[in-house]
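As you go down the protein sequences, you meet chains D and C in turn.
Quick note, the working numbering runs 593 ahead of the 1-based positions in the first sequence.
Quick note, the working numbering runs 21 ahead of the 1-based positions in the second sequence.
Just so it is clear, CB atoms sit at the ideal spot from N, CA and C, and this is done for glycine as well.
Working notes, beginning with the structure itself.
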Amino acid sequence: MKRLGTLLVYDLRHGIGENVLKYLLLIVLSVIGAWGFGREYLPYLDYDILSSKATVWDHLIHLFWGEPPLSAERDLRSNLPMLWLLIMITLTIAVGYYLYQQGEGFGRNILLKGESRTAWWLSKCIWCTASAAIAMVSLILGVLLCGAFQGLSWGGVNWDIIRMAKGMEEQGGAPVESMLMVTLLPLLILSATALWQQVLSMIIQPLVALLLIVVYYLAASFYDSPLLLGTYITFCRSKYVVNGGWSFGEGVCVGAIAYILAIFIGIVVVKRRDFLQRHQI
Amino acid sequence: MKIEVKNLEKKIQKAAVLEGINLSLTGGHIYGLRGKNGCGKTMLMRCIAGLIRPTKGEVLIDGKPLHKKLDFPPSMGILLENPSFLDDFSGFENLMMLARIQKQADKKMVRSTLQAVGLDPDDKKKYKKYSLGMKQRLGIAGAILGEPDLILLDEPINAIDESGVGEIRDTLLGLRKKGKLLIVACHDREELELLADTIFIMSHGKVVDQYEKTGNTACV
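This is the structure in structure tokens:
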């Protein structure tokens, strides 16, 4: 554990540095997507007298609005939250093979010099969380840029606009929680899911792990389940707009459990793992 | 440093790749591993390095069992199969990266290690432009950097020219004098006999014979 710091510097430098194109794609997609998304719905609000009250938080809530679960009104052919899915898929690609590659070649030398499997894994977990943070910060940056150009205010959530744009009534809940639900919670959920992808990539082929995570994300856009983490960051299913919907607290609890569990299961897997050449596995 | 390998067995997908291996290795010696391809030399090195977990038996490093009290032997350098470094960095930069993690080596030591294996520390050439021999030399430099107590070298003289082999041999013998424990796997019988104090012959995952440099043979 004494070398966690140096291992972390290596992972942040090389995990991101060597995959810079994937991260650039993630950043560009997040910034442009968030901005483009805002440009798409804000003109609609411009027609309304309430448009002057639109805030950065409204934008974020619309960005994380998502789709309701499958029902009589919504079938498989209905819209998917494409931007959000694209960002998540790009993140899974960025996380993808790094851990696997670090178990052989030069990465293996780093593992041995680090002298601790646990420190090596924890360093990868922090890198993984940093990758999710890059996605989230880019997304918020896109919203802020859009806000700056569209003249959005910094005020709180404007429920009138949500009611008008989405046709749903506010069901109550603390405004601060709704703000955290579109900033802190997505970061936690993205990080936890990326960590599970890392754990899976040590047990099965990284490509299969990546595909499983994409399917997992997709499943959350169609179904509502406490085990589908994506559910908690779909604002239209939250208690703020749906009676009996998910709360920020529930999302944080499940997200934190998933995050911590991934770290501990990862430690067990790394401790028991044989570091062999690909052809020997 | 003292390494004890006790009744070591490793199975991969139900096939035994190592079986009934017992060794006692001490610092200040060079141990050779010889045998045909696939006889288990590299797998034994992986076990001693802590990269794989034995199915049965254990490896003790100074009395501490691997995978229980230790993840990897402390102070170890390794060259396993082909040397692997970062393509877009020079040899010096690659070694500096290892040195930063290890915290036992500094710039001066990196330079002297590169010189010891016949590489120019000021050479800015990227690793991907290195010849096979240069890559191999850098692999050895990576393993001996910081003069670790345990050095594992798998086929270290592959692709190295005759004069280079002499340089590498002198460097390894120098490390032995300093009390380091070296384990070298090599196809070249003559070279291994010049280098190693004790040679273990491996076949089908077992140590089937061993002999000292004096030529005395003893069945295990």
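Closer than 7 angstroms at the beta carbon, the chain D residues around residue i
i               : result
M97 of chain C  : L705
R74 of chain C  : R865 and D867
D209 of chain C : Per Cβ cutoff of 7 angstroms: no residues; D209 of chain C is ~22 angstroms from chain D at best.
Close beta carbons around residue i, own chain, < 7 angstroms, minus the five adjacent residues each side
i               : result
A785 of chain D : L822, G848, A851, Y852 and A855
I642 of chain D : Because the pLDDT at I642 of chain D is just 47, under 50, the model does not fix this residue reliably, and the point stays unresolved.
R190 of chain C : L215 and L216
L737 of chain D : V649
A687 of chain D : N612, K615, Y616, L619 and S724
S731 of chain D : L619, I620, S623 and V624
L605 of chain D : W720 and A723
H652 of chain D : G631, V736, C739, G740 and L745
L597 of chain D : A712, L715 and S716
R197 of chain C : G49, H50, I51 and L203
L773 of chain D : F841
DSSP three-state assignment for residue i, whether helix, strand or coil
i               : result
S724 of chain D : helix
Q880 of chain D : One cannot answer for residue 880 of chain D here, as it falls past the ends of chain D, which runs 594 to 874.
L821 of chain D : coil
E30 of chain C  : strand
G282 of chain C : There is no way to answer for residue 282 of chain C, as the model of chain C reaches only from 22 to 241.
K201 of chain C : coil
I806 of chain D : helix
A812 of chain D : helix
V624 of chain D : helix
N702 of chain D : helix
F657 of chain D : coil
A787 of chain D : helix
L173 of chain C : strand
V229 of chain C : strand
V730 of chain D : helix
E214 of chain C : helix
M567 of chain D : Residue 567 of chain D lies beyond the residue range present for chain D, which begins at 594 and ends at 874; the question has no answer from this structure.
K15 of chain C  : Outside the displayed range of chain C (22 to 241) lies residue 15 of chain C, so it cannot be described from this structure.
A164 of chain C : helix
S771 of chain D : helix
S716 of chain D : helix
I609 of chain D : helix
G49 of chain C  : coil
I42 of chain C  : strand
I642 of chain D : Only weak support exists for where I642 of chain D lies, its pLDDT of 47 falling under 50; the value from the coordinates is given anyway. Note: I642 of chain D maps to helix in three-state DSSP.
G776 of chain D : Position check: residue 776 of chain D holds Thr in this sequence, whereas Gly was assumed. T776 of chain D: coil per DSSP, three-state reduction.
S224 of chain C : strand
K146 of chain C : coil
A180 of chain C : coil
Cβ-based neighbour list, residue i, same chain, cut-off 6 angstroms, excluding 5 preceding and 5 following
i               : result
S45 of chain C  : E25
I874 of chain D : With a pLDDT of only 48 at I874 of chain D, under the threshold of 50, the placement of this residue in the model should not be trusted; the figure read from the coordinates follows. Excluding residues within five positions, none has a Cβ falling inside 6 angstroms.
G748 of chain D : T648
E79 of chain C  : K27 and P86
I654 of chain D : V775 and F828
L171 of chain C : M22, P94, M97 and L202
E233 of chain C : T219
G696 of chain D : F868
L803 of chain D : T685 and G689
L704 of chain D : W713
Neighbourhood of residue i by C-beta distance below 8 angstroms, restricted to the same chain and skipping five residues each side
i               : result
L684 of chain D : L619, S724, A725, A728, L783 and A787
V830 of chain D : A quick correction: the sequence has Arg, not Val, at residue 830 of chain D. For R830 of chain D, where only same-chain residues beyond five positions count, the Cβ hits under 8 angstroms are G659, P661, P662, D817, T824, G838 and W839.
F113 of chain C : V131, R132, L135, P142, D143 and D144
A70 of chain C  : F93, P94, M97, I99, L101 and L173
L54 of chain C  : K62, L65, M66, I204, V205, A206, C207, I220, F221 and M223
L91 of chain C  : G71, I82 and K85
Partner residues on chain D for residue i, Cβ-Cβ distance less than 8 angstroms
i               : result
G163 of chain C : N702
A70 of chain C  : L705
Contact list for residue i against chain D, beta-carbon separation under 9 angstroms
i               : result
S105 of chain C : E697, G698, F699, G700, R701 and N702
Interface residues of chain C facing residue i [CB-CB closer than 9 angstroms]
i               : result
Y603 of chain D : M118, R121 and I122
L600 of chain D : I122
Contacts of residue i in chain C (Cβ-Cβ under 7 angstroms)
i               : result
I709 of chain D : Going by the sequence as given, residue 709 of chain D is Ser instead of Ile. Here the neighbours are D92.
R830 of chain D : Simply none; closest approach about 43 angstroms.
- At a cut of 8 angstroms, does the stretch 146–155 of chain C reach the stretch 163–177 of chain C through at least three beta carbon pairs? Between the stretch 146–155 of chain C and the stretch 163–177 of chain C there are fewer than three inter-stretch CB-CB distances shorter than 8 angstroms, so the stretches are not counted as touching.
- Item | Three CB pairs or more closer than 8 angstroms across the stretch 831–847 of chain D and the stretch 770–780 of chain D | In this structure the stretch 831–847 of chain D lies against the stretch 770–780 of chain D, because at least three pairs of beta carbons, one per stretch, are closer than 8 angstroms.
- Message: Going residue by residue through the stretch 829–869 of chain D, where are the continuous alpha helix (DSSP H) segments of at least 4 residues, counting only ones entirely within it?
- Response: Taking only runs of at least 4 residues, the alpha helix (DSSP H) segments lying wholly in the stretch 829–869 of chain D are 841–865.
- Do the stretch 128–137 of chain C and the stretch 151–165 of chain C meet, that is, are 3 or more Cβ pairs less than 8 angstroms apart? Result yes; three or more Cβ-Cβ pairs closer than 8 angstroms.
- Message: Three or more C-beta pairs under 8 angstroms: does that hold for the stretch 222–237 of chain C against the stretch 185–205 of chain C?
- Response: Not touching, per the Cβ criterion.
- Query: Which full runs of the alpha helix (DSSP H) of 4+ residues lie inside the stretch 56–143 of chain C, going along the chain?
  - Reply: Listed in chain order, they are 62–70, 112–123 and 128–137.
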